[in-house]
Structure formats: structure tokens, C-alpha cells
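Contents: one structure, followed by commentary.
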Amino acid sequence: MIRWAEPRLSKWKTLTLASLAKKDWTMRHDFLTIDLAPFVERTAESLSNLEAARALVSSSPDVLGGTPVIEGTRIPVYDVAASVAAGHSLDEILEAYPALDERRVGLAKVYADANPLRGRPKPVNELPTGATVITDRRVPRRRKAV
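This is the structure we're talking about:
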């Protein structure tokens, strides 16, 4: 099965994604039939979303010190993606960033997922809603004996 699919899949570099998705992706061997069309279609759709997300984002040393921003705005793409990841509703995000629309918010998330920030994540200082601090104790480090 892999030998049958490999030559067809290797053509993805030379053919357009739309033409690949329209081909017959049903593999048959004796009693076994596998339809790969849904996977190829989803992959083509994901790749076109990624291309659109990359086209949406720009980075210039003159704008926010080179931080990737949504084209035509000064809105950092990772801030929008963090809002989505934090579970904010689309209405809240659009209210906070009026220059955006639903498509741009979705593409910002796609871009951030495909291009994660480098380094260790920043610590979250906010408590979840409804949480309260019962005690806050600090444990001193032991010093090495000299």
C-alpha cells in the first residue's frame, strides 16, 4: 500500500494542492480498500490556511521592534493567539481588537501554532476565576556549608 501511495504523494511538490485533492485516493489490494481522500483534503486545506496565515503576518524592525504583527496593524499575532488559547470568546477578542475579523483571528492562531515562540514560556501570574490563595509560604534555600 505504501509503495502505491508514495509516488503519488511525492507529486505534491509539483502539482497544486487543489488538483491533488481531486484525484482518486482509493487504494485497493485484494480484500482491503482504504480511501485516503479525506486525509488529503484536510491536509490541502491546512496547508492553504498556513499559507494564508503566513501572508497575513508581517515583521519589521520598525514596527514593535520586529515582533510579528497582523499585516496593516500593530497587533502582535501572538497576543491574539494567546487570547484564543486562554479561552476568550470571539466577541471579546473582536472587541479588544476592532481592526480584526473572525478570519484574521483564526489565521493568527494557525500562525502561532505553526511558529511557536522560542524560549521558556512566561509564568502566568493570574489566578483562575474563583480561585483563592489560602497560604503563601516561601521556603528558603539551604546554603552550602563552607
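Throughout the sequence shown, residue numbering follows our numbering, covering 4 to 149 in sequence.
For every residue, glycine included, the Cβ atom is placed at its ideal position computed from N, Cα and C.
Please read these numbers as outputs of a predicted model, since none were measured by experiment.
In the DSSP assignment, what residue or residues form a beta bridge with residue i?
{"i": "Arg146", "result": "The partner list for Arg146 (beta bridge, DSSP) is empty, contrary to what the question assumes."}
{"i": "Asp38", "result": "Thr29"}
Between residue i and residue j, what straight-line distance do the alpha-carbon atoms span, to the nearest angstrom?
{"i": "Arg123", "j": "Tyr81", "result": "15 Å"}
{"i": "Val66", "j": "Arg144", "result": "43 Å"}
{"i": "Ala47", "j": "Asp116", "result": "17 Å"}
{"i": "Tyr100", "j": "Val83", "result": "8 Å"}
{"i": "Ile78", "j": "His32", "result": "52 Å"}
{"i": "Ala134", "j": "Val142", "result": "22 Å"}
{"i": "His91", "j": "Asp104", "result": "15 Å"}
{"i": "Ala102", "j": "Thr138", "result": "43 Å"}
Let me know if residue i comes out buried or exposed under the rule of 16 or more other beta-carbons within 10 Å of its beta-carbon.
{"i": "Ser86", "result": "buried"}
{"i": "Leu35", "result": "exposed"}
{"i": "Leu120", "result": "exposed"}
{"i": "Val136", "result": "exposed"}
{"i": "Lys26", "result": "exposed"}
{"i": "Ala56", "result": "buried"}
Alpha helix (DSSP H) containing residue i: first to last residue?
{"i": "Leu110", "result": "105–117"}
{"i": "Leu97", "result": "93–99"}
{"i": "Val83", "result": "80–88"}
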